Amino acid sequence: MRVLIFETSELAVDRVVRAVVEQIERKPASILGLATGGTMEPVYDGLSAAYRSGSVSLAGVTSFNLDEYVGLSPEHSCSFAAFMREKLFDRTDMRSNRANLPVGNAVDPDAEAARYDALISELGPIDLQLLGIGANGHIGFNEPTSSLRSRTRVKTLTRATLEANKRFFADGETPPKYAITVGIQNILEAKSILLLATGSAKAKAVATMIEGPLGSYCPATALQMHADTTIVLDREAAAELTLTDYYSQVHPDGQDAPYG
Ligand code: F6R
Numbered sequence: 007m008r009v010l011i012f013e014t015s016e017l018a019v020d021r022v023v024r025a026v027v028e029q030i031e032r033k034p035a036s037i038l039g040l041a042t043g044g045t046m047e048p049v050y051d052g053l054s055a056a057y058r059s060g061s062v063s064l065a066g067v068t069s070f071n072l073d074e075y076v077g078l079s080p081e082h083s084c085s086f087a088a089f090m091r092e093k094l095f096d097r098t099d100m101r102s103n104r105a106n107l108p109v110g111n112a113v114d115p116d117a118e119a120a121r122y123d124a125l126i127s128e129l130g131p132i133d134l135q136l137l138g139i140g141a142n143g144h145i146g147f148n149e150p151t152s153s154l155r156s157r158t159r160v161k162t163l164t165r166a167t168l169e170a171n172k173r174f175f176a177d178g179e180t181p182p183k184y185a186i187t188v189g190i191q192n193i194l195e196a197k198s199i200l201l202l203a204t205g206s207a208k209a210k211a212v213a214t215m216i217e218g219p220l221g222s223y224c225p226a227t228a229l230q231m232h233a234d235t236t237i238v239l240d241r242e243a244a245a246e247l248t249l250t251d252y253y254s255q256v257h258p259d260g261q262d263a264p265y266g
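In structure tokens:
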């Protein structure tokens, strides 16, 4: 794991945006794994700004989002499909027919999960997987005790996740209790992984992910088994790490230090 610690969330976000832009520069037909959630909003703002300034085009990109709420149609304003259109797809030249999400209101959610899994296997592997992390250590919606070899399936969301995400729903609207999420094995099959965590609410999960024992109680610990994972943190999200000095020695201010 490369652990990059930045003084501010803005600097951490800039680093993630730069990594995505560089990935697309290297390979315009990149396959990106995308996440939703509050952490990703400034990343998508940054990518949209990079598109507007002419620094990047998403026209050749194929994307696979991590998850979608069961029961919500792609048109529902609280669906992750709507989030992605609003925050990224409609603000760039991303081709809508190459932007993939599980269909939340599919008649048979289990069959939809299997279809989505097969599509990723057919078109993949994902070149760069973007991730956030839940305060309980989930990645995608792989909640604690998810199998570390899980594939795309329907998961029951924890009360803590429902609570954290109710801010995206209007007053009185009940957030769905289930989601279709890619599994941990799917995530580990990506060629490279870039996880962004900002803010003190993530500090405990971040410390366990990086320094804790591997185990399904904190699903993000599975990333310890991936050979090309970069964790981008702001100072607050890094606050509970033990080996901070070492990470800063290897990557001072989040930069790559030259040998010698
Ligand atoms: C969303 C997803 C989740 C979020 C996580 C953090 O597609 O996969 O794992 O990344 O819940 O969410 P925020 O950024 O809202 O704290």
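Using the working numbering, you'd call the opening residue of the sequence shown number 7 and step up by one each time.
Even glycine gets a Cβ: it sits at the ideal position worked out from N, Cα and C.
From a predicted model like this one, the values you see are computed outputs, not experimental measurements.
**Request:** Apply the 10 Å Cβ neighbour rule to S83 and answer buried if 16 or more other Cβ atoms are within range, or exposed otherwise.
**Result:** Flag for S83 reads exposed.
**Prompt:** Under a three-way DSSP split, which group does F70 fall into?
**Reply:** F70 falls in the strand class under three-state DSSP.
**Asked** Cα separation between T1 and R91?
**Response** Given a span of 7 to 266 for the chain in the structure shown, any question on residue 1 remains unanswerable.
**Request:** Name the residue from P264, Y265, I237 and P258 whose alpha carbon lies nearest to the alpha carbon of V19.
**Result:** For V19, the closest C-alpha among the options P264, Y265, I237 and P258 is that of I237.
**For A105, the three-state DSSP class (helix, strand or coil)** = The answer is strand: DSSP assigns A105 an E or B state.
**Request:** Can you grab the Cα-Cα spacing for the pair Y252 / G77, in whole Å?
**Result:** Whole-angstrom Cα-Cα distance: 46 Å.
**Message:** Counting only beta-carbon separations shorter than 8 Å, does K197 have a partner in chain D?
**Reply:** The structure shown contains no chain D; it is built from a single protein chain.
**Item:** DSSP three-state assignment for G260, whether helix, strand or coil
**Value:** When DSSP states are grouped into helix, strand and coil, G260 belongs to the helix group.
**Prompt:** Smallest Cα separation from F174: which of V26, T42 and V212?
**Reply:** The residue with the shortest Cα to Cα distance from F174 is T42.
**Asked** Excluding sequence positions up to five away, which residues of its chain have a Cβ less than 6 Å from the Cβ of R159?
**Response** Only A119 meet the Cβ criterion.
**Item:** Contact test: T14 Cβ vs the ligand F6R heavy atom, cutoff 7 Å
**Value:** For T14, the shortest C-beta to heavy atom distance toward the ligand F6R is 7 Å or greater.
**Message:** Given the structure, does A6 come close to the ligand F6R, in the sense that its CB is under 7 Å from one of the ligand's heavy atoms?
**Reply:** It is not possible to answer for residue 6, since the shown part of the chain is limited to 7 through 266.
**Residues near A87 by beta carbon distance below 6 Å, same chain, minus five either side** = Excluding positions up to five away in sequence, the list reads P80 and L107.
**Prompt:** Looking at the structure shown, is L40 part of a helix, part of a strand, or coil, going by DSSP?
**Reply:** In the three-state DSSP reduction, L40 falls in the strand class (E or B).
**Request:** Following the continuous beta strand (DSSP E) through I11, name the residue where it begins and the one where it ends.
**Result:** It spans R8 to F12 - the beta strand (DSSP E) in which I11 sits, taken as one unbroken run.
**Item:** Residue of R58, T250, N71 and D51 minimising C-alpha distance to L134
**Value:** L134 has its Cα closest to that of N71, out of R58, T250, N71 and D51.
**Message:** Looking only at its chain, what residues have a beta carbon closer than 6 Å to the beta carbon of L220, apart from the 5 residues adjacent to it on each side?
**Reply:** Result list for L220: T227 and Q230, in chain order.
**L247 and A213 closer than 8 Å at C-beta** = Yes, these two residues count as a Cβ contact at 8 Å.
**Message:** One question on the structure: do P115 and Y223 come within less than 8 Å of each other, judged by their Cβ atoms?
**Reply:** For P115 and Y223, no; Cβs fall outside 8 Å.
**Prompt:** Leaving out the 5 sequence neighbours to the left and right, which residues in its chain are closer than 6 Å to A112 when beta-carbon positions are compared?
**Reply:** Correct list, in chain order: E118.
**Request:** Within the same chain, show all residues whose beta-carbon is closer than 8 Å to that of E16, passing over the 5 residues directly before and after it, in chain order.
**Result:** Cβ within range, chain order: P48.
**Message:** When you measure from the CB of G52 to every non-hydrogen atom of the ligand F6R, does any distance come out below 7 Å?
**Reply:** With a cutoff of 7 Å, G52 does not count as near the ligand F6R, since its C-beta is closer than that to no heavy atom of the ligand.
**Message:** What residue range does the beta strand (DSSP E) around R159 cover?
**Reply:** Looking at the DSSP string, the run of the beta strand (DSSP E) that includes R159 is R159 to T162.
**Asked** Could you give the distance in angstroms between the alpha-carbon of D96 and the alpha-carbon of R157?
**Response** Across the structure, D96 and R157 are spaced so that their CA atoms are roughly 29 Å apart.
**Asked** Would you say F86 touches the ligand F6R, meaning its beta carbon is less than 7 Å from a heavy atom?
**Response** F86 Cβ: within cutoff of the ligand F6R.
**Prompt:** Can K197 and I126 be called in contact, C-beta distance under 8 Å?
**Reply:** K197 is not a Cβ neighbour of I126, given a cutoff of 8 Å.
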